[in-house]
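The structure appears below as structure tokens.
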Amino acid sequence: MPLKSGGPVENENLRGRSNLGLTSSGKVSVCPSGEQITNGGLETGDMTGYTYFPNLNFATTQYAHTGVYSCFLYENWVQQDFSKPIPKKCIKSFGFWGRGQVSNNECILHFSDDTEVIAYIPQGDWQYVDLLAIFPDEKELSYIKFIGGSGGPSWIDDVSLIC
Ligand SMILES: [Ca+2]
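Residue numbers for the sequence shown follow the working numbering, beginning at 1 and rising by one.
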């Protein structure tokens with residue numbers, strides 16, 4: 001529902017609710033709550049919750065940060081889309097654990113205005129990557145995508161976005 005420009009929220013229905021976000025487009029959106037990533041730890045043992053290319057199962061037991069499985073990234077990509085873009089102000093924590101043999105495999109945050117920011121999957125042993133730290137104010141996340149290049153493999157686990 002649109003707001004008056006620069007004015008306060010007048011709608012009685014909005015009073016007393018704490019989980020409203022005002023987006024850059026001037027619309028009031030209700031924040032989702034809880035974990036927004038499906039199968040972030042890959043513990044289903046398959047790619048449930050993700051779109052990916054090529055059409056293979058990248059859940060692997062080679063390494064795991066927690067549980068048994070992680071996601072293998074090498075000459076492939078895996079992506080998780082959100083049914084509705086998630087405003088930054090709705091997010092309490094957002095990040096993933098990564099490890100790898102190279103430092104240039106990417107994690108892409110794609111926003112509703114078709115802009116992106118890129119983080120890199122850590123080289124070496126498991127490290128946490130804080131994605132909220134690189135998430136620009138006022139943006140809304142449409143999807144997160146991990147890309148494994150041909151330089152060498154990486155693994156990700158415990159992808160999490162909590163509202
Ligand atoms: Ca796991």
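Glycine is no exception: its CB is placed at the ideal position from the N, C-alpha and C atoms.
Neighbour-count burial assignment, residue i, 16 or more Cβ in a 10 Å radius
i    : result
V78  : buried
K139 : buried
P153 : buried
F72  : buried
A119 : buried
V30  : exposed
F53  : exposed
S33  : exposed
G95  : buried
For residue i, the three-state DSSP class (helix, strand or coil)
i    : result
I134 : helix
K89  : helix
G149 : coil
L109 : strand
T115 : coil
S103 : coil
E75  : coil
W155 : strand
Y128 : strand
L69  : In the sequence under discussion, the amino acid at residue 69 is Tyr, which differs from the Leu named in the question. Reduced to three states, the DSSP call for Y69 is coil.
I121 : coil
K84  : strand
is_contact[residue i, chain B] using C-beta, thresh 9 Å
i   : result
V68 : Absent here is chain B; the protein component of the structure consists of one chain.
Integer Cβ distance of residue i from residue j, believed to fall under 8 Å
i    : j    : result
G148 : E43  : Rounded, the Cβ-Cβ distance is 20 Å, inconsistent with contact.
Q127 : W97  : 7 Å
S93  : I162 : 5 Å
S70  : W155 : 4 Å
Pick out every residue whose C-beta is nearer than 7 Å to a heavy atom of ligand 1: which are they, in chain order? G41, L42, E43, A64, H65, T66, G67, V68, Y69, S70, D157 and D158
Sequence ranges, beta strand (DSSP E) only - wholly within the region 27-65, length at least 3: 28-30 and 51-53
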